[in-house]
Amino acid sequence: MPSHGVRPLTQLGRVFRMAAQQRTSAKRIGHRSKVLTVRRRSGILLIMLDAPIRDRAAERRAATRQEILDAAWALAGERGLTDWTLRDVGDRVGMRAPSLYSHFGSKLAIYDAMFGQAWSEYEQLVRSAIAAEDPAGSPRQLMKARSHLFFDFAVANLPRYQLMNQRSVSGFVPSEESFAPSQRIVQLSLDLLAALGVTDRGDAEIWFALLGGLIDQQLANDPAGHSRKDLLDRAVDMWCDAVGLAEEATSIQPKE
Numbered sequence: 001m002p003s004h005g006v007r008p009l010t011q012l013g014r015v016f017r018m019a020a021q022q023r024t025s026a027k028r029i030g031h032r033s034k035v036l037t038v039r040r041r042s043g044i045l046l047i048m049l050d051a052p053i054r055d056r057a058a059e060r061r062a063a064t065r066q067e068i069l070d071a072a073w074a075l076a077g078e079r080g081l082t083d084w085t086l087r088d089v090g091d092r093v094g095m096r097a098p099s100l101y102s103h104f105g106s107k108l109a110i111y112d113a114m115f116g117q118a119w120s121e122y123e124q125l126v127r128s129a130i131a132a133e134d135p136a137g138s139p140r141q142l143m144k145a146r147s148h149l150f151f152d153f154a155v156a157n158l159p160r161y162q163l164m165n166q167r168s169v170s171g172f173v174p175s176e177e178s179f180a181p182s183q184r185i186v187q188l189s190l191d192l193l194a195a196l197g198v199t200d201r202g203d204a205e206i207w208f209a210l211l212g213g214l215i216d217q218q219l220a221n222d223p224a225g226h227s228r229k230d231l232l233d234r235a236v237d238m239w240c241d242a243v244g245l246a247e248e249a250t251s252i253q254p255k256e
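Each residue of the sequence shown is one higher than the last, beginning at 1 in the working numbering.
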């Protein structure tokens, strides 16, 4: 065989070595790509783990408690605030006593939750009203608006009003948690009075008493009417006169 300075076997060996090197490089590239792929999947997994997880058991329990409270309110509306039993509530929601006791240990515990719910609902109304109030509005108009807000909420549901504001349930004392919304409502009322320049606590108590008296009269004597509601503005004007709030500005119509 003619020789050109390179031996055939040596040349063939170079070919084999180059092929081997290419295979090794391909394996390394493939290995790196696999590692990168795994890392991307791990990153996605970590993001999924960071997402909030719903506590479905807690949601079901909260829904069941609310169903029990709804049944208790319905029974109170139909029979009166105290003329129902835990068995009545269980029958209404399709639940036996042991299951009911796992949510509320006694009838007083149900009253406690109802008390807190009622005041919380009214607190939401008040805070919405405050957000919509005109700070530059007439002091008397502010007092009348707040008075009508509470009056309307109270007379709309007799058992709810009795539980919120009267000692109608023997042995019932609200828990600190359930009592808190009512305390916040009182403070919001005192804040309003202070902003209007009324700082005497006695003046505040008289306002509360005026509201309570008219509500009681409405519920006792005209539950489906509005006779005492029609007197509310006059009562608030009398109170405003007593504490020295300025009268509302009246426009003078030009004579023709």
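Don't be surprised by glycine CBs; every beta carbon is placed ideally from N, CA and C.
What residue from the options has the CA that sits closest to residue i's CA?
i	options	result
leucine 210	Gln124, Arg234 and Gly105	Arg234
tryptophan 239	Ala224, Lys144 and Leu192	Lys144
phenylalanine 179	Leu190, Pro52, Ala156 and Gly116	Gly116
alanine 62	Gly77, Ala76 and Ala113	Ala113
aspartate 203	Arg184, Ala242 and Met95	Ala242
serine 189	Phe104, Val126 and Arg56	Val126
asparagine 165	Val198, Asp216 and Asp134	Asp216
aspartate 152	Val198, Gly225, Gln187 and Ala72	Gly225
Give the straight-line distance between the Cα atoms of residue i and residue j, rounded to the nearest whole angstrom.
i	j	result
lysine 107	threonine 85	7 Å
glycine 137	glycine 213	27 Å
leucine 219	tyrosine 111	21 Å
alanine 74	glutamate 248	43 Å
glutamate 67	valine 93	7 Å
leucine 158	glycine 77	8 Å
leucine 193	aspartate 230	23 Å
phenylalanine 172	alanine 118	15 Å
aspartate 200	glycine 244	12 Å
glycine 270	glutamate 121	Outside the shown range of the chain, which is 1 to 256, sits residue 270, and nothing can be said about it.
proline 135	leucine 142	9 Å
serine 227	asparagine 221	9 Å
Please report the Cβ distance between residue i and residue j, rounded to the nearest whole angstrom; I am assuming they are in contact, meaning their Cβ atoms lie under 8 Å.
i	j	result
leucine 196	proline 139	5 Å
serine 170	glutamine 162	The pair is not a contact, with the Cβ atoms about 13 Å apart (cut-off 8 Å).
serine 175	valine 236	Incorrect: roughly 33 Å between the Cβ atoms, too far for contact.
aspartate 56	histidine 103	Checking the sequence shown, residue 56 turns out to be arginine, not aspartate. Their Cβ separation, rounded to whole angstroms, is 17 Å, which puts arginine 56 and histidine 103 out of contact at 8 Å.
Spatial neighbours of residue i within its chain, please: C-beta separation below 7 Å, excluding the five flanking residues on both sides.
i	result
glutamate 123	Pro181, Arg184 and Ile185
glycine 90	Arg96, Ala97 and Leu100
glutamate 177	Gly116
alanine 154	Tyr161 and Ile215
arginine 246	It is alanine, not arginine, that sits at residue 246 in the sequence shown. Counting only Cβ-Cβ distances below 7 Å, and skipping sequence neighbours, we find Pro139.
Here's a check: name, in chain order, each residue in its chain whose Cβ is nearer than 8 Å to the Cβ of residue i, leaving out the five neighbours to either side.
i	result
leucine 149	Leu125, Val126 and Ala129
isoleucine 206	Trp239 and Ala242
In chain order, what residues of the same chain have a beta carbon less than 6 Å from the beta carbon of residue i, not counting five sequence neighbours either side?
i	result
proline 223	none
Taking only runs of the alpha helix (DSSP H) that begin and end inside the segment 125–193, which ones reach a length of at least 4 residues, in chain order? 139–155 and 158–165
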